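One structure is given here, and the rest of the page talks about it.
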Amino acid sequence: MSTIFSQIVEGEIPARVVYEDETTIAFLDANPLAPGHTLVVPKDEYERLNNVPDDVATDLYATIHRLTPAIEEAVDADATTVAFNNGEAAGQEVPHVHCHIVPRFEGDDAGPIHSAFGGPEAIPDDELDEIAEAIESRA
Ligand code: AMP
């Protein structure tokens with residue numbers, strides 16, 4: 008069964024499409040966190056970021072890069088929060104990779120992405136060394 012975003016790509020359900028090219032599409036979020044909240048989506052279905060092929064990842068970033076200033080200018084935003092909920096445990100509800108571009112305004116009180124967490128976690132230095140090594144060896 009195709010995702011709701013694939014149905015938008017296919018024109019089966021309506022959306023306020025703001026940009027489209029061969030491999031990516033962007034449309035307004037149906038439940039906007041702020042005016043101009045936009046989703047950027049690869050047209051093909053990939054559940055998580057690690058499933059996205061390199062060439063599509065490049066196209067996806069190019070669309071994010073193109074749209075972020077366009078959105079800020081269109082709604083006169085002071086800034087944007089640009090984020091992926093990558094996986095169910097991170098709050099991803101639609102299993103089709105999508106980037107949220109959320110316009111931000113001085114005094115909107117939403118805080119940085121850090122405010123989604125309780126605060127920094129105290130991790131001992133030797134553990135940080137191990138984590139860094141584990142990531143570096145897989146990068
Ligand atoms: P996430 O929690 O990261 O998976 O976000 C999914 C987002 O998709 C939410 O912000 C929803 O408001 C948005 N959404 C769900 N259905 C639609 C739709 N038909 N058109 C536009 N946005 C949608």
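Residues 8 to 146 (the numbering used here) are what the sequence shown spells out, left to right. Every residue, glycine too, gets a C-beta built ideally from N, C-alpha and C. As the structure is a prediction and not an experimental result, all values here were calculated from the model.
Asked	Found
Among residues of its own chain, excluding the 5 on either side of residue 36, which ones have a beta-carbon nearer than 6 Å to its beta-carbon?	44 and 46
Indicate the three-state DSSP secondary structure (helix, strand or coil) for residue 52 in the structure shown.	coil
In chain order, which beta strand (DSSP E) runs of at least 3 residues are fully inside the region 78–115?	86–90 and 106–111
Using a Cβ-based criterion (distance less than 8 Å to any ligand heavy atom), does residue 98 qualify as near the ligand AMP?	yes
Could you tell me how far apart the beta carbons of residue 25 and residue 34 are, in whole angstroms, since I believe they sit closer than 8 Å?	6 Å
Could you pull out every unbroken alpha helix (DSSP H) segment of at least 4 residues lying fully inside the region 11–74, listed in chain order?	11–16
To the nearest angstrom, how far is the alpha carbon of residue 112 from that of residue 82?	10 Å
From residue 100 to residue 18, what does the alpha carbon distance come to, in whole angstroms?	21 Å
For a test of your reading of the model: does the CB of residue 37 fall under 8 Å from any non-hydrogen atom of the ligand AMP? Yes or no.	yes
Pick helix, strand or coil for residue 134, following the three-state DSSP scheme.	helix
Indicate the three-state DSSP secondary structure (helix, strand or coil) for residue 76 in the structure shown.	helix
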